[in-house]
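Visitor: In full-length UniProt numbering, the protein residues as written are 1 to 145. All C-beta atoms in this analysis are idealised placements derived from N, C-alpha and C, irrespective of residue type, glycine included. This is the structure, below, for whatever I ask next.
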């Protein structure tokens with residue numbers, strides 16, 4: 001399996017509000033930056049979208065190390081999702097899981113790969129996280145231009 005590193009981030013100007021997502025995808029010496037936006041979204045949705053889009057960019061199964069500064073994404077995919085599945089997509093409060101549409105997309109995107117999830121502290125000088133943050137922020141600011 002090819003080894004790929006992915007660094008993701010999401011941004012929102014207001015929450016909800018105009019949002020953006022960004023990712024840096026690295027395979028060996030090759031890097032690609034991707035980003036996009038949504039005129040009316042939340043920060044959590046943008047964090048999830050960054051991971052989904054980056055994983056879906058890969059055309060074959062890969063061993064992926066995915067770096068995120070979102071505890072929501074990290075804990076959701078590594079801790080909470082199995083319980084949500086067992087409970088019919090209800091959370092511990094018996095309410096529908098928020099962003100279930102994106103959780104389903106993320107589960108599908110992850111299934112094709114061997115993914116190791118790594119949390120990084122945001123806005124702490126981590127070079128690739130800062131790049132992903134800039135891509136996400138620029139995309140959010142571009143909404144409506």
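Going by beta carbon distance, what residues of the same chain come within less than 8 Å of residue 138, once the five residues before and after it are set aside?
Guide: 20, 22 and 35.
Visitor: I think residue 38 touches residue 133, with their Cβ atoms under 8 Å apart; what is that distance to the nearest whole Å?
Guide: About 17 Å; that fails the 8 Å criterion.
Visitor: Among the residues of its own chain, which have a CB less than 8 Å from the CB of residue 142, if the five just before and after it don't count?
Guide: 20 and 37
Visitor: Look up residue 36 in the DSSP assignment and give the residues it is bridged to.
Guide: DSSP, once it has assigned bridges, lists 21 as partnering residue 36.
Visitor: Following a CB-centred definition, is residue 7 positioned closer than 7 Å to any heavy atom of the ligand GDP?
Guide: Judged by which ligands are present, the structure shown has none, so any question about the ligand GDP falls away.
Visitor: Determine the direct distance from the alpha carbon of residue 87 to that of residue 30, and round the result to whole angstroms.
Guide: 42 Å
Visitor: Once the 5 residues before and after residue 72 are set aside, which same chain residues still bring their CB inside 7 Å of it?
Guide: 44 and 47
Visitor: By how many angstroms is the C-alpha of residue 95 removed from the C-alpha of residue 104?
Guide: 17 Å
Visitor: May I ask you to list the residues that DSSP assigns as paired with residue 116?
Guide: 65
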